[in-house]
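First comes the structure, then the notes that go with it.
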């Protein structure tokens with residue numbers, strides 16, 4: 301007979317777990333996943349903590365997909381942890397994600413790599429790309445191009461764990477591309493269940509999640525643009541995503557104010573050139589929220605660069 305049918309845990313047990321975790325952090329047995337973007341790592345626990353849901357949001361064209369791709373590549377490259385990335389790339393084809401990685405690593409533009417510019421790749425450049433491809437192949441990444449329901453995503457996570465038994469990263473490149481099930485009357489229903497899905501799997505597996513979501517267009521309104529204190533993204537700017545916002549440990553909005561034809565950005569009159577991308581940390585359970593990080597977007601070479609003048 302089960303003498304603990306409701307799964308309770310005493311405060312003594314929870315405290316022992318906390319002390320053990322603190323000691324393992326001190327010894328280095330457990331580490332956060334560093335990105336090597338110093339400003340971002342400083343706002344996290346020196347990297348993203350296992351068991352956290354990190355919501356990456358923005359307008360269309362604001363660099364959120366690029367941020368997701370760079371996060372995966374940086375975490376997989378900069379941490380000595382034997383892990384696997386489960387990439388639900390429902391929006392972009394996996395081969396296109398690899399081409400973007402090659403552009404970021406080789407400093408060749410997408411047009412150069414795909415021979416869409418006036419010149420063709422040289423033999424030397426082809427060899428360099430092939431060498432970078434060999435390095436990329438060393439990363440443990442599984443792509444799932446075909447959209448799935450939440451139940452199928454849960455089954456997929458379970459299958460990956462049973463097969464590999466490694467800490468997992470989960471990337472979902474667009475939350476609203478998850479297939480709705482018959483009991484979902486609206487997209488909002490599905491997104492609330494997606495948040496619930498995360499709260500279940502984080503207790504079953506060693507997993508860290510990154511989910512991309514769309515902002516609504518309220519931030520583009522002329523009334524908002526006229527008032528500098530209203531330039532910055534807010535919780536109310538999220539499309540359908542309240543359920544995900546509630547479940548998230550960290551919410552980062554990638555924003556390019558140049559897209560809104562602003563002369564300056566916010567009450568501090570920050571620069572807004574084509575290359576200025578701002579990461580707004582709206583929610584952060586492990587540190588202070590409402591922080592702004594100014595970065596440099598190099599869309600030509602598919603990378604986001606830390607600024608020296610920030």
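Residue numbers (the numbering used here): 301 to 610. Quick reminder that beta carbons are idealized off the backbone N, C-alpha and C, glycines included.
Checklist entry - Does the Cβ of residue 340 lie closer than 8 Å to at least one heavy atom of the ligand HEM? => result Ligands in the displayed structure: none, and consequently the ligand HEM is not present.
Checklist entry - What are the partner residues of residue 358, as DSSP defines its beta bridges? => result Taking the first residue of the chain shown as position 1, residue 358 is located at position 58. According to DSSP, which records beta bridges pairwise, residue 358 is partnered with 514.
Item to check | Residue from 526, 569, 475, 392 whose Cα sits closest to the Cα of residue 490 | outcome: Walking along the chain shown from the start, residue 490 turns up at place 190. When each option's Cα is compared against that of residue 490, the closest is 475.
Checklist entry - Under a Cβ-count criterion, where at least 16 other Cβ atoms within 10 Å of its own Cβ denotes burial, should residue 370 be classed as buried or exposed? => result Counting from 1 along the chain shown, the entry for residue 370 is found at position 70. Buried, by the Cβ-count rule.
Item to check | Alpha-carbon spacing of residue 388 relative to residue 454, whole angstroms | outcome: Within the chain shown, residue 388 is the residue found at index 88, counting from 1. Within the chain shown, residue 454 is the residue found at index 154, counting from 1. Taking C-alpha positions only, residue 388 is separated from residue 454 by approximately 12 Å.
Item to check | Supposed contact pair residue 595 and residue 588 - C-beta distance, whole angstroms, cut 8 Å | outcome: Position 288 of the chain shown, counted from the first residue, corresponds to residue 588. Position 295 of the chain shown, counted from the first residue, corresponds to residue 595. Their Cβ separation, rounded to whole angstroms, is 18 Å, which puts residue 588 and residue 595 out of contact at 8 Å.
Next on the checklist: So, for residue 361: in the same chain, excluding its five sequence neighbours on each side, which residues have a beta-carbon less than 7 Å away from its beta-carbon?
Outcome noted: By 1-based counting over the chain shown, the position of residue 361 is 61. These residues qualify, in order along the chain: 559.
Item to check | Sufficient close CB pairs (3 or more, under 8 Å) joining the stretch 540-560 to the stretch 575-587 | outcome: Segment contact: the stretch 540-560 against the stretch 575-587, three or more CB-CB distances shorter than 8 Å; contact assigned.
Item to check | Validate contact between the stretch 446-462 and the stretch 417-431 using beta carbons, cut 8 Å, 3 pairs | outcome: Two segments are said to touch when three or more pairs of C-beta atoms, one from each, lie closer than 8 Å; by this definition the stretch 446-462 does not touch the stretch 417-431.
Item to check | Residue environment, residue 312, which counts as buried when at least 16 other CB atoms sit within 10 Å | outcome: Locating residue 312 in the chain shown gives position 12, where the first residue counts as 1. By the 10 Å Cβ count, residue 312 comes out exposed.
Checklist entry - To the nearest angstrom, how far is it from the Cα of residue 427 to the Cα of residue 538? => result Your numbering for residue 427 matches position 127 in the chain shown. Your numbering for residue 538 matches position 238 in the chain shown. Computed Cα separation, rounded: 44 Å.
Checklist entry - According to DSSP, is residue 583 helix, strand or coil? => result Locating residue 583 in the chain shown gives position 283, counting from the first residue. The answer is strand: DSSP assigns residue 583 an E or B state.
Next on the checklist: Can you confirm whether the stretch 406-416 touches the stretch 487-503 when touching is taken to mean that 3 or more C-beta pairs between the two stretches lie within less than 8 Å?
Outcome noted: Judged by Cβ distances under 8 Å, the stretch 487-503 makes no contact with the stretch 406-416, as fewer than three pairs qualify.
Checklist entry - Out of curiosity, what's the CA-to-CA distance linking residue 567 and residue 308? => result As a first step, residue 567 must be located in the chain shown, where it is residue number 267. As a first step, residue 308 must be located in the chain shown, where it is residue number 8. Rounded to the nearest angstrom, the two C-alpha atoms are 49 Å apart.
Checklist entry - Going by the beta-carbon positions, is the gap between residue 344 and residue 378 smaller than 9 Å? => result The sequence position of residue 344 within the chain shown is 44, counting from 1. The sequence position of residue 378 within the chain shown is 78, counting from 1. No, Cβ-Cβ distance for residue 344 and residue 378 is not below 9 Å.
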